[in-house]
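Numbering (our numbering), first residue to last: 2 to 297.
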């Protein structure tokens, strides 16, 4: 029972701690972003004026977008996040019009929309599950969508499972890395339901290689011997990119060494048709002190 309670609380820790916020507590943290000037920093000392804080956060987000150097962009981002945190810590923060603010920024400044969403979670705004479900859809920016799925996993795992299945079935979009980010979230969740989706991601043909590799690595870290046979099928499949199949073999060897070595020796890729995979397997055979099939 205790473990079942700890998992959801751990998932909400990034919201409670606001890891994206300066380590200095309270709205005064925005003063670190000196490039925004004394006026902006002073605003953060007025948590009872949410409209002023929001306007300052919008200004910081705009400065981040037009920054000419990485340092300027980072300073503006820190100020933006500190201002969002100040909103969350203000009086009656749970009653602020979070949905209105988030929706407005979705059309203009994705990073601020994310900051406001995280602040709404920190503030304990009502209807958090409905908000997460709405923002967890495919039309949301990927970072915000992943944050919304984090909330669903913490509050209602069955809903998160249903929404996660839909996400996994989607085709990759550009270079957003959505599936890889989601695999990393599932690794953090660590539940049986999340394990189900990690297995689905590992086997999902058509995904970017990195996403499947992240999922396979997460499965390997579970230490569950029974997963070795499942991952071995990815290595022996005739489809799949090189990196995915290599990682699947390594995971099989880690989870079930005896099975992994048997697969290694009996399902050796053809040297002419698949020279890279053949060479990879031969290197593993040598490292483990096994006799290559041609030597038997």
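Heads up, the beta-carbon is just placed ideally off N, CA and C, and yes, glycines get one too.
By a beta-carbon distance limit of 8 Å, residue 147 contacts residue 182. Their separation comes to about 5 Å.
Straight across, the Cα-Cα distance linking residue 289 with residue 238 is about 23 Å. DSSP places residue 79 in the helix class (H, G or I) of the three-state scheme. For residue 111, the enclosing alpha helix (DSSP H) stretches over residues 111-124. Here the segment 88-102 does not lie against the segment 65-79, with fewer than 3 beta-carbon pairs under 8 Å apart. The beta carbon of residue 89 sits closer than 7 Å to those of 120, 123 and 124, all from its chain and outside the five residues before and after it, given in chain order. Between the alpha carbons of residue 109 and residue 93 lies a gap of roughly 26 Å. Proximity to residue 164 across 194, 176, 178 and 173 peaks at 194, based on C-alpha coordinates. Cα atoms of residue 169 and residue 154: separation of roughly 15 Å, rounded to the nearest angstrom. The three-state reading of DSSP puts residue 172 in coil, since its state is none of H, G, I, E or B. The alpha-carbon separation between residue 249 and residue 256 amounts to approximately 10 Å. In the same chain as residue 186, and ignoring 5 residues on each side of it, the C-beta atoms closer than 7 Å to its own belong to 147, 150 and 151, in chain order. Comparing alpha-carbon positions, the option among 207, 201 and 211 lying closest to residue 232 turns out to be 201. The continuous alpha helix (DSSP H) containing residue 63 extends over residues 51-67. When the five nearest sequence neighbours on each side are left out, the beta carbons in the same chain lying within less than 6 Å of the beta carbon of residue 268 are those of 237, in order along the chain. Excluding residues up to 5 positions away in sequence, 171 lie with their Cβ nearer than 7 Å to the Cβ of residue 139 in the same chain. In summary, residue 67 is exposed, with fewer than 16 beta-carbon neighbours lying within 10 Å of its beta-carbon over all protein chains present. Straight across, the Cα-Cα distance linking residue 141 with residue 179 is about 11 Å.
Counting only unbroken stretches of 4 or more residues, the alpha helix (DSSP H) elements lying wholly within the segment 225-291 are 228-237, 243-256, 258-267 and 276-288, in sequence order. With respect to the 8 Å criterion, residue 220 and residue 208 are not classified as neighbours on the basis of their beta carbons. Taking C-alpha positions only, residue 70 is separated from residue 58 by approximately 19 Å. The segment 144-200 is shown to contain whole alpha helix (DSSP H) runs of 4 or more residues at 158-170 and 179-190, in chain order. If the five residues before and after residue 106 are omitted, its C-beta is found closer than 7 Å to the C-beta atoms of 113, 114 and 117, all from its own chain and listed in chain order.
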